[in-house]
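A.B. asks: Chains as they are written, first to last, in full-length UniProt numbering: chain A, 1 to 436; chain B, 1 to 448. Using N, Cα and C, we set each Cβ at its ideal position, and we do this for glycine too.
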């Protein structure tokens, strides 16, 4: 099937309208979250017919669904979802920041370039400009419409620490990288990457107009979760989710420690740099007093200068590349914990309703529809969350491996630069000079 | 190599003994020639030692330091450190060394030796002592004189001081120096018997006084200026270096905090990689102690020349003092001559009290005038002789001092170049260690 992600072995492509949604109706075969074979009819792709997009408030056509809410389906797709050029059919890049000066405000936009062979995209390539608040909008929309999934974090909105220039090259570049990461994470997600809002974000010429329309494109799950009443209290979190919660707490704590240590190191390095910048020139001053020693001393001065520059590059890199990624992951863990809480609410409601039913003897033989709905909702949520968690763990490991190797590299490069500087002056120092 | 100057002041010192024999510092042969010359002048030369000089080299070491308690001049208990000085003579033929002398000295005795040398060799740039109190310390170093690291570095500094003297073509021949190495008891009394203390006081006063010299030797003025600048720049360098060391220490130590974060409990896959990388960070953090200890040696080398600059300055000041003396003497002579002339011819060109009183109270008698002229003529004669000898003295001083200054310059350039090279080597080693540690850490991360 050209352009689409690998289709499951199926009897052939079906249009969305023909596919029964796992959550719709009471069809028993569409049990979700269990070991039962999923309906082969569930496809990742769904067609974006124009009419399908614009949904009247509250109404959700039967065909539109949050596809692949079956956990085993997701698992299978994840196995195939290797990040290599072969299987990928959606590429997004954030680059080319530009400053816009208007009467009311000054802001930066970033160019978003999208290349895709997916059916959902009318053109093979798109190029649009977006600003931070557009990303922010996208993220809230994703949270709203895909509440059972882990939405990647955005770089911090406001810069609290110190007086950071919002328009400095370093700040803009750091932000650009984070925004690029944000979109790439969504792109890599088998469910989120098909989100309608995401598509519009990537393609629409006038995003503001779309925003104004206040389109509530909620997936069935989104709609469903939205109506979960928050009044119920969960008695016990199931073990596996409790474990996830504990893990996230501990992980965030440890990351916080690492963040603090890294900040401290950078601070110490900067103070060391300040002293070095005074130290080097003193050799120059001395050199001016001397005859035979003038060149050697000047050489040492220049050498220290080179080391200072190398150190500055190291601290800049750590500040721009290392710290932001750590913070990103802390934000990620925080947002994941909120999703866990939402899941708890869904389970709480289900259990409460189930209990209420158990008390009312009349409906014993048959489980009322709304309780069943709750159960499905809960099981869907659990499945999505577990799948996302696994994907997150995997990506986290890759991200950290890359991050830490990068950090080690930067340090190695710093020492290599210094080594070169000092080795190069040894011959100068050893030179026998003609008597002046 | 110049002869020992016939400085009239030197006549006060005990006749220079036969040469001690100097440690092989490339000056052995030259000193030998000097020794021959000196040997001829001296009386009562111990021929055996004289003959033996040609065959032997001397090794001097300050090998140990020991804490002692005793009673000071005010009968109060005090703690001080004593240093063991061992002298060995080395047989040329088989290179074996035999311990010939061994005694204990404390820092104040070294000071006494140096002050003596300063007084009796004013034209020599006398090697400096290691600092009395720890200066330019950064936070990890102790400013305590009893601190073992300080004591150790001082021991090395004192040994260096003795070696410098022993390798100096002139100083090595000094008897008091020889006795310092060989006569434990009574040495202090011997030094004081030379009466140098009195001269030291007057000299010190003179050196610190401000006076204007009309015609100093420009070379010495420039050199004094240089020594001032050198002192200033090396002080600055040492201060900043200490701060740099402090900061660098902080950077390395903070990395050790990474190792303290426990990951294996929550991370199944990343745990091992993170934990072992943390171990490398610990290695990194602890490596700084040795690195900075080595760097202190570099700081000590700089300090020696900081103090040497002071010695250089002292020689320049001595020249100024002599020149001033000379100028004052010449001025005095000139005014006396003028007075004499006026008395003889009866013309008063300059104001004098005598002239005034003469005017007020009447002329003096011809006899009185004759008497005064005679006195003046005597004084003038004396003055002229003194001026001649002062001139000679001054020229000798300039010649000999400049020779030693040239020697010193060569030594300084050699030594400081060596110091810079060893500093660069230290930095290179530090960089290589850094690369190693981070490469190891990177490997741990790659296995995550």
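When you compare only the Cα positions, how much space is there between residue 238(A) and residue 307(A)?
C.D. replies: Residue 238(A) and residue 307(A): Cα-Cα distance of roughly 55 Å.
A.B. asks: With DSSP collapsed to three states, give me the class of residue 289(A).
C.D. replies: Residue 289(A) falls in the coil class under three-state DSSP.
A.B. asks: Where does the unbroken alpha helix (DSSP H) through residue 334(B) begin, and where does it stop?
C.D. replies: Residues 271 to 345.
A.B. asks: Under 7 Å between C-beta atoms, does residue 448(B) make it to chain A?
C.D. replies: For residue 448(B), the answer is yes, since a Cβ of chain A falls inside 7 Å of its Cβ.
A.B. asks: Mapping DSSP to helix, strand and coil, what is residue 100(A)?
C.D. replies: Residue 100(A) falls in the strand class under three-state DSSP.
A.B. asks: If distances are taken between C-alpha atoms only, which option among 391(B), 290(B) and 344(B) comes closest to residue 372(B)?
C.D. replies: Nearest option by C-alpha distance: 344(B).
A.B. asks: Taking three-plus beta-carbon pairs below 8 Å as touching, is the region 94 to 103 of chain A in contact with the region 147 to 161 of chain A?
C.D. replies: Because the criterion of three Cβ pairs below 8 Å is not met, the region 94 to 103 of chain A and the region 147 to 161 of chain A do not touch.
A.B. asks: Hey, residue 142(A) and residue 192(A) are a contact pair by Cβ (cut 8 Å); roughly how many whole angstroms apart?
C.D. replies: Residue 142(A) to residue 192(A), Cβ: 6 Å. Contact.
A.B. asks: Would you say residue 340(A) reaches chain B, if we count a Cβ-Cβ gap shorter than 7 Å as a contact?
C.D. replies: Output row for residue 340(A): interface = no.
A.B. asks: So what does residue 239(B) bridge to, in DSSP terms?
C.D. replies: In DSSP, residue 239(B) forms no bridge with anything.
A.B. asks: Compute the beta-carbon to beta-carbon distance between residue 463(A) and residue 180(A), rounded to the nearest angstrom, for a pair I have assumed lies under 8 Å.
C.D. replies: Residue 463(A) falls outside the range modelled here, since chain A spans only 1 to 436, and no answer is possible.
A.B. asks: Is residue 87(B) helix, strand or coil when you go by DSSP?
C.D. replies: Of the three classes helix, strand and coil, the one that applies to residue 87(B) here is strand, per DSSP.
A.B. asks: So with Cβ pairs under 7 Å, would you call residue 316(B) a contact of chain A?
C.D. replies: Closer than 7 Å: no.
A.B. asks: Listed in chain order, which residues of the region 415 to 448 of chain B have Cβ atoms closer than 7 Å to some Cβ of chain A?
C.D. replies: From the region 415 to 448 of chain B, only 416, 417, 420, 421, 424, 427, 428, 431, 432, 434, 435, 438, 439, 441, 442, 445, 446 and 448 have a Cβ closer than 7 Å to chain A.
A.B. asks: Do residue 435(B) and residue 279(A) have their beta-carbon atoms positioned less than 7 Å apart in this structure?
C.D. replies: Contact flag unset, no.
A.B. asks: Is it true that the CB of residue 401(A) sits closer than 7 Å to the CB of residue 448(B)?
C.D. replies: Yes, Cβ-Cβ distance for residue 448(B) and residue 401(A) is below 7 Å.
A.B. asks: Do you know offhand how far residue 333(A)'s Cα is from residue 245(A)'s?
C.D. replies: So the alpha carbons of these two residues sit roughly 9 Å apart.
A.B. asks: Hey, out of 209(A), 426(A), 118(A) and 153(A), whose CA is closest to residue 299(A)'s CA?
C.D. replies: Measuring from the Cα of residue 299(A), the nearest candidate turns out to be 426(A).
A.B. asks: Assuming residue 107(A) and residue 139(A) form a contact by the criterion Cβ under 8 Å, report the distance between their Cβ atoms to the nearest whole angstrom.
C.D. replies: About 18 Å; that fails the 8 Å criterion.
A.B. asks: Under a Cβ-count criterion, where at least 16 other Cβ atoms within 10 Å of its own Cβ denotes burial, should residue 117(A) be classed as buried or exposed?
C.D. replies: Looking at its Cβ environment, which holds fewer than 16 other Cβ atoms inside 10 Å, residue 117(A) is exposed.
A.B. asks: Could you tell me whether any Cβ in chain A is nearer than 7 Å to the Cβ of residue 449(B)?
C.D. replies: Nothing can be reported for residue 449(B), as the shown portion of chain B is limited to 1 through 448.
A.B. asks: Pick helix, strand or coil for residue 503(A), following the three-state DSSP scheme.
C.D. replies: Residue 503(A) lies beyond the range of chain A shown here (1 to 436); nothing can be said about it.
A.B. asks: Quick one: any contact between the region 150 to 163 of chain B and the region 242 to 259 of chain B, if contact means 3 or more CB pairs under 8 Å?
C.D. replies: Short answer: they don't touch.
A.B. asks: In three-state DSSP terms, what is residue 404(B)?
C.D. replies: Residue 404(B) falls in the helix class under three-state DSSP.
A.B. asks: Give the single residue among 395(B), 81(B) and 74(B) whose Cα lies nearest to the Cα of residue 323(B).
C.D. replies: Out of 395(B), 81(B) and 74(B), 395(B) has the C-alpha closest to the C-alpha of residue 323(B).
A.B. asks: Given a cut-off of 7 Å, decide if residue 203(A) and residue 92(A) are closer than it, judged by their beta-carbon atoms.
C.D. replies: No, Cβ-Cβ distance for residue 92(A) and residue 203(A) is not below 7 Å.
A.B. asks: So who's on the other strand from residue 353(A), going by DSSP bridges?
C.D. replies: For residue 353(A), which the question treats as bridged, DSSP gives no partner whatsoever.
A.B. asks: Pair every Cβ in the region 319 to 336 of chain B with every Cβ in the region 381 to 398 of chain B, then say whether three or more of these pairs are closer than 8 Å.
C.D. replies: Result yes; three or more Cβ-Cβ pairs closer than 8 Å.
A.B. asks: For the region 255 to 266 of chain B, which residues have a beta carbon sitting closer than 9 Å to at least one beta carbon of chain A?
C.D. replies: Answer in chain order: 255, 257, 258, 260, 261, 262, 263, 265 and 266.
A.B. asks: Determine the burial state of residue 167(A): buried for a count of at least 16 other Cβ atoms within 10 Å of its Cβ, exposed for fewer.
C.D. replies: With fewer than 16 other Cβ atoms within 10 Å, it is exposed.
A.B. asks: Taking 7 Å as the threshold (beta carbon to beta carbon), is residue 278(B) in contact with chain A?
C.D. replies: Not closer than 7 Å to any Cβ of chain A, the Cβ of residue 278(B) fails to qualify, so no.
A.B. asks: Which residue's Cα is closest to the Cα of residue 335(A): 392(A), 318(A), 349(A) and 272(A)?
C.D. replies: Closest by alpha carbon: 392(A).
A.B. asks: Near residue 185(A), which residues of its chain fall below 7 Å by C-beta distance, leaving aside the five closest residues on each side in sequence?
C.D. replies: For residue 185(A), where only same-chain residues beyond five positions count, the Cβ hits under 7 Å are 152.
A.B. asks: Is there a Cβ from chain A that is less than 7 Å from the Cβ of residue 250(B)?
C.D. replies: Yes, residue 250(B) lies at the interface with chain A (some Cβ there is under 7 Å from its Cβ).
A.B. asks: Do you know offhand how far residue 423(A)'s Cα is from residue 120(A)'s?
C.D. replies: Distance between the alpha carbons of residue 423(A) and residue 120(A) is about 59 Å.
A.B. asks: Distance, Cα to Cα, residue 354(A) vs residue 235(A)?
C.D. replies: The straight-line gap from Cα to Cα measures roughly 14 Å.
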